[in-house]
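In our numbering, the protein residues as written are 127 to 435.
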Amino acid sequence: MTPLPRRSLLAAALACAAAPVFAQAPRGGRIVASFSILADLVREVAPPDFEVGSLVGADADAHAWEPRPGDVRKLAGADLVVVNGLGFEGWMTRLVKNSGYRGEIVVASAGITPRHAAHDDHDHDHGHGHDHGDADPHAWQDLAHAQRYVATIAAALARRWPQRRAEFEARAAAYGERLATLDTRLRRLVDTVPREQRRVITSHDAFGYLGAAYGIEFLAPQGWTTHSEPSAAAVGRLVRQIRQQKVRAVFVENISDPRLVERIARETGARLGGRLYSDALSAPGGPAASFVALYEYNVRALVAGMSGA
């Protein structure tokens with residue numbers, strides 16, 4: 127047998143490295159979601175024989191994500207890709223191009239009317255940045271929007287695998303009922319906190335949709351993205367506001383450096399209320415390993431913090 131030339135061996139090795147590597151093909155299909163929360167919603171709609179992966183994993187910050195070679199391989203081997211949209215994944219367009227993926231890219235937030243910043247909000251140095259334009263990308267933080275995500279995902283799966291439409295629709299309907307029941311239960315819980323006490327500090331402005339839904343005012347040193355650091359002037363204004371409004375609770379997030387928020391708590395005397403899960407699930411076995419667990423954990427922590435419990 128004639129040995130391959132050295133150049134051919136090198137080319138073959140590079141081709142193998144670039145090709146997607148999977149242990150065994152799933153019976154249903156492969157779906158890749160951009161971040162862990164979205165992947166969990168997809169898993170609720172897709173039957174167990176589908177393989178659902180996430181580019182940005184648990185406890186990781188999708189705003190500042192730097193794609194890796196393995197992410198290119200994941201997309202190259204995907205049958206369907208699901209993203210949040212609203213400018214949340216600024217790195218996704220280039221990653222898709224590099225992967226060669228040619229299938230549908232499902233925008234889970236499609237059809238949702240986003241929250242917008244007031245015109246003067248872009249000059250307040252909170253670091254909202256213009257990665258997202260003037261639209262808040264964290265729409266999943268409203269459970270009514272999360273139900274819309276689920277319906278959009280189910281419709282996309284039905285387009286890709288039409289023979290299994292009934293399964294997707296049944297699973298989406300059952301999960302939608304779970305979210306509606308959760309929403310009713312948590313609204314009753316938030317109603318135990320007087321309106322004047324419903325103010326909270328978080329690391330970045332990720333909870334505006336939750337706040338609008340449940341009547342909670344969220345304040346944050348950083349805006350909708352974690353890319354930029356807030357200015358000293360912006361932090362100073364926030365400290366004064368906390369003191370004036372007697373904000374009771376300050377929370378750090380699982381994706382953010384806690385040091386700034388901890389310093390704000392020390393300077394204002396506000397109680398450090400613990401950790402919230404904003405843009406990512408916790409690791410398996412943690413308190414927020416699914417979207418339902420994340421949402422209930424967050425609201426219960428917020429109620430305890432606002433109540434001074």
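Even for Gly, the Cβ is constructed at its ideal location relative to N, Cα and C.
Remember, predicted model here, so these are calculated numbers, not experimental data.
From this set, the options, which residue's C-alpha is nearest residue i's C-alpha?
i      : options                           : result
Asp268 : Ile238, Ser433 and Lys372         : Ile238
Ile279 : Pro413, Gly399, Val208 and Arg241 : Val208
Arg369 : Ile327, Ala338, Gly337 and Leu402 : Ile327
Ala332 : Ala406, Val373 and Ala296         : Ala406
Arg314 : His189, Gly196, Val233 and Val425 : Val425
Arg274 : Arg397, Val168, Glu393 and Met432 : Val168
Ala300 : Val222, Val171, Ala430 and Arg374 : Val171
Gly434 : Pro413, Val319 and Leu364         : Val319
Asn224 : Asn210, His242, Ala243 and Pro195 : Pro195
Phe176 : Val429, Arg290, His189 and Tyr423 : Arg290
Val178 : His189, Arg153, Ala188 and Val387 : Arg153
Ala296 : Ala277, Thr307 and Glu388         : Ala277
Leu428 : Ala272, Asp317 and Ala190         : Asp317
Which same chain residues, not among the five before or five after residue i, have their C-beta less than 7 Å away from its C-beta?
i      : result
Leu212 : Ser235, Pro240, His258, Ala261, Pro263 and Ala265
Ser180 : Ala159, Phe161, Ser162 and Ala165
Phe344 : Val326, Thr328, Asp331, Phe333, Gly334 and Gly337
Asp309 : Leu269
Arg321 : Gly341
Gly226 : Ala202
Arg324 : Gly341, Ile342, Glu343 and Met432
With DSSP as the reference, label residue i as helix, strand or coil.
i      : result
Glu177 : strand
Glu388 : helix
Leu345 : strand
Val361 : helix
Ser162 : helix
Ala137 : At Ala137 the pLDDT is 36, less than 50, meaning the model places this residue with poor confidence; the figure from the coordinates comes in the next sentence. Looking at Ala137 - three-state DSSP - the assignment turns out to be helix.
Ala261 : strand
Val147 : Note on Val147: pLDDT 41, under 50, position unreliable in the model; the coordinate value appears next. The answer is coil: DSSP assigns Val147 none of H, G, I, E or B.
Ile327 : strand
Ile368 : helix
Leu305 : helix
Arg241 : coil
Arg156 : strand
Leu167 : helix
Leu312 : helix
Tyr201 : Looking at the sequence provided, one finds Leu at residue 201 rather than Tyr. The answer is helix: DSSP assigns Leu201 an H, G or I state.
Asp247 : Low per-residue confidence applies at Asp247: pLDDT is 44, beneath 50, and the placement is therefore not dependable, though the value from the model is reported in the following sentence. Asp247: helix per DSSP, three-state reduction.
So, at 6 Å on beta carbons, what are the nonlocal neighbours of residue i in its own chain, with the 5 sequence-adjacent residues on each side left out?
i      : result
His214 : Looking at the sequence itself, residue 214 is Phe, so the reference to His does not match. Taken in chain order, the residues that qualify are Pro263.
Glu293 : Pro173
Tyr421 : none
Ala442 : Beyond the ends of the chain as shown, which are 127 and 435, falls residue 442; an answer cannot be given.
Tell me where the beta strand (DSSP E) around residue i begins and ends.
i      : result
Val376 : Ala375 to Glu379
Leu402 : Arg397 to Leu402
Beta-carbon within less than 8 Å of residue i's beta-carbon, same chain only, minus the 5 sequence neighbours each way: which residues are those?
i      : result
Ala409 : Ala184, Asp185 and Ala415
Leu206 : Gly155, Arg156, Ile157, Val158, Gly229, Glu230, Val232, Ala282, Leu283 and Arg286
Val222 : Leu201, Val207 and Ile231
Ala298 : Glu170, Val171, Val276, Ala277, Ile279 and Ala280
Over what stretch of residues does the alpha helix (DSSP H) that includes residue i continue unbroken?
i      : result
Leu420 : Phe417 to Ser433
Val276 : Leu269 to Arg286
Phe319 : Per the sequence presented here, residue 319 reads as Val, with Phe not at that position. Counting along the chain, Val319 falls outside any alpha helix (DSSP H), and DSSP gives it neither H nor E.
Gly334 : Gly334 to Tyr340
Between residue i and residue j, which are expected to be in contact by the criterion C-beta below 8 Å, what is the C-beta distance as a whole number of angstroms?
i      : j      : result
Phe377 : Gly400 : 6 Å
Leu402 : Glu379 : 5 Å
Gly362 : Arg397 : Wrong, their Cβ atoms sit about 21 Å apart, outside the cutoff.
Ala272 : Leu305 : 6 Å
Verify the contact flag: residue i, CB atom, against every heavy atom of the ligand FAD, threshold strictly below 7 Å.
i      : result
Arg401 : Although the ligand FAD was asked about, the structure shown includes no ligands whatsoever.
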